[in-house]
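Chemist: Just so you know, the sequence shown maps onto residues 101 to 485 in my numbering.
Shown below is the structure under consideration.
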Amino acid sequence: MMDGYEMLKKEEVNLRVCVVFGTRPEAVKLWSVVKELRDRKVATLVVCTGQHDELLKDVTRVLDLRVDVDFCLMRAGQSPSDVAAGVLRRLPETLRQFNANWLIVQGDTTTTAAGALAGFLTGVKVAHVEAGLRTGDLRRPFPEEGNRRIVSAVATLHFAPTQHAAQNLLAEGVPKTRVLVTGNTVVDALETVRSRFLRDTALKKEILQRHPYLADGPYVLVTVHRRESFGEPMRRIFGALLDLAAEFRQLHFVYPVHPNPNVRQAAEMLRDHPRILLTEPMDYASFLYAMSEAQLIMSDSGGVQEEAPTFRVPVVVLRDVTERSEALESGWALLGTTDRERIKDAVRQIMQEQWRRPNTPNPFGDGKAAQRIVDAILRSAQDAV
């Protein structure tokens, strides 16, 4: 534990907020909340569980996100149960030592669910950022759908990214006074990084030096990593990718492969194609640049569905269902599913100009979500006095 943590423990303050994350998307989406809390001089403890340690370091560096406590839970071959056990074992004592009265978690990871449960069992109020996303199917996505329902059961405040997400919570019986539509915090981070880095010509030059293939002509950016896609669904996705590479010879396909062994093993079927480039995971700034310059994106990532509209880049969603219906309704995404033929049909719609680029802003937020979240927590803390 860092010296800052020891100092925080000794401060005599009424409001103490602990923010917990374990994966890169969580860090990106909680960065603006942490910054807002610290800018307003709220006693804030940032805890990293290290669920995906190898993907986190560049985000905390690029966004200047100071971590106070790191559990370093990452182990080769770990299961969601292993992560949950580690969080439940370590976090309650950290919350007690810090004397936290609020715990903020984000999204639907195992860290999120276990963190919320640890807070609940310790008597700490839980605030859920990106609350209310639902597919209605506990197996799709797995374990994310179950994780977010667990958090909703124990949270005091539910920060919904969209009106649709808020309606899901209200339909489940969550009191209206505990639900606030804030927009998605990913837009906060995206706008900041774009203005700080992507307009920096020196940074662009550095990115292209690291990833020269991004300047080799038009490309499709691919990300596939979800647990629900392991096995046959992933093989169907990769089969469609091979077919599309043969059909659209003017394109090459850039696929930063997730470090999960299940993904890496499956991706080997793409290895020998001359226009499908398998790369190591990109750092956050490089990935945003790759998104911004892509012809289209093929992805099973929820965050990509939220980020791509800011860059005005279409997404073919490589999942059978998506809880981010706004991406489809706004026209920025097409549902490719995991069916080989449907994936190809969706890509053809975009590449053969049967798809019209929407003249609408990003439906997921305006860059002010963190401000609304911190306002709500401060109001709640004042009401409790």
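C-beta atoms are modelled at their ideal positions from N, C-alpha and C, and glycine is treated no differently.
Note that the structure is predicted; figures quoted are calculated from it, not measured.
1. Checking the sheet assignment: what are the DSSP bridge partners for Met-398?
2. For the segment 247–267 against the segment 344–360, do three or more pairs of beta-carbon atoms, one drawn from each stretch, fall closer than 8 Å, so that the two count as touching?
3. Give me the Cα-Cα distance between Leu-435 and Gly-402, rounded to the nearest whole angstrom.
4. So, for Val-416: in the same chain, excluding its five sequence neighbours on each side, which residues have a beta-carbon less than 6 Å away from its beta-carbon?
5. Per DSSP, which residues does Cys-148 bridge with? Please list them.
6. Measuring CB to CB, does Val-254 end up less than 7 Å from Val-293?
7. At what residue ranges does the segment 198–235 contain a whole run of the beta strand (DSSP E), taking only runs of 3 or more?
8. Mind listing, in chain order, the continuous alpha helix (DSSP H) runs of no fewer than 4 residues lying wholly within the segment 248–296?
9. Less than 7 Å separating the beta-carbons of Glu-126 and Phe-242?
10. Determine the direct distance from the alpha carbon of Met-382 to that of Ala-213, and round the result to whole angstroms.
11. What's the call for Asn-114, buried or exposed, on a 16-neighbour Cβ count within 10 Å?
12. Met-467: buried (16+ other C-beta within 10 angstroms of its C-beta) or exposed?
13. Name the DSSP beta bridge partners of Leu-337, please?
14. When you compare the segment 418–434 with the segment 322–337, are there three or more beta-carbon pairs, one atom per stretch, that lie closer than 8 Å?
15. Alpha carbon to alpha carbon, what distance is there between Thr-123 and Val-281?
16. Starting from the C-beta of Glu-393, find all residues in its chain whose C-beta is less than 7 Å away, skip the five residues before and the five after it, and write them out in chain order.
17. I'd like to confirm the pairing. Which residues does DSSP put opposite Tyr-355 in its beta bridges?
18. Going by DSSP, what residue range makes up the beta strand (DSSP E) through Ala-433?
19. Could you check whether Pro-409 and Asn-462 sit closer than 7 Å to each other, using their CB atoms as the reference points?
20. Return helix, strand or coil for Ala-176, following the three-state DSSP convention.
21. Any idea what DSSP makes of Arg-424, helix, strand or coil?
22. Just to check, is the beta-carbon of Leu-290 closer than 6 Å to a non-hydrogen atom of the ligand FAD?
23. Give the straight-line distance between the Cα atoms of Gly-431 and Lys-444, rounded to the nearest whole angstrom.
24. Tell me which same chain residues have a C-beta within less than 8 Å of the C-beta of Thr-323, skipping the five on either side of it?
25. Applying the 10 Å Cβ sphere with the 16-neighbour rule, what's the burial state of Lys-276?
26. Take the Cβ of Gly-215 as the centre, count every other Cβ of all protein chains shown within 10 Å, and call the residue buried at 16 or more, exposed below.
27. Give me, in chain order, the residues of the same chain whose beta-carbon lies closer than 8 Å to that of Thr-211; leave out the 5 immediate sequence neighbours on both sides.
28. Going by DSSP in three states, Met-102 sits in which element: helix, strand or coil?
29. Quick check on Arg-116: does DSSP put it in helix, strand or coil?
30. Give me, in chain order, the residues of the same chain whose beta-carbon lies closer than 6 Å to that of Ala-289; leave out the 5 immediate sequence neighbours on both sides.
31. Taking the CB atoms as reference points, tell me whether Phe-464 and Val-279 lie closer together than 7 Å.
32. Apart from the five residues on each side of it in sequence, which residues of its chain come closer than 8 Å, Cβ to Cβ, to Phe-220?
33. How big is the Cα-Cα spacing for Val-169 and Leu-378?
34. Strictly by DSSP, which residues pair up with Ala-143?
Modeler: With the structure as the only source:
1. Val-322 and Val-416
2. no
3. 12 Å
4. Met-398, Leu-434, Gly-436, Ala-446 and Val-447
5. Phe-121 and Asp-170
6. no
7. 202–206 and 225–229
8. 263–271 and 285–293
9. no
10. 27 Å
11. exposed
12. With the sequence shown as reference, residue 467 is identified as Gly, and Met is not the correct amino acid for it. Buried: at least 16 other Cβ atoms inside 10 Å.
13. In the sequence on display, residue 337 carries Ile and not Leu. Answer is none; Ile-337 lacks a bridge partner.
14. yes
15. 24 Å
16. Leu-314
17. Leu-378
18. 433–435
19. yes
20. coil
21. coil
22. For the ligand FAD, the structure offers nothing, since it holds no ligand at all.
23. 18 Å
24. Tyr-355, Pro-356, His-358, Ile-397, Met-398, Ser-399, Asp-400, Ser-401 and Val-404
25. exposed
26. buried
27. Val-120, Phe-121, Gly-122, Thr-123, Glu-126, Thr-149, Gln-151, Val-183, Val-187 and Val-205
28. Caution applies to Met-102, whose pLDDT of 45 falls short of 50 and renders its modelled position unreliable; the value that the coordinates give is listed next. Met-102 falls in the coil class under three-state DSSP.
29. strand
30. Val-128, Trp-131 and Ser-132
31. no
32. Val-226 and Val-254
33. 34 Å
34. Arg-116
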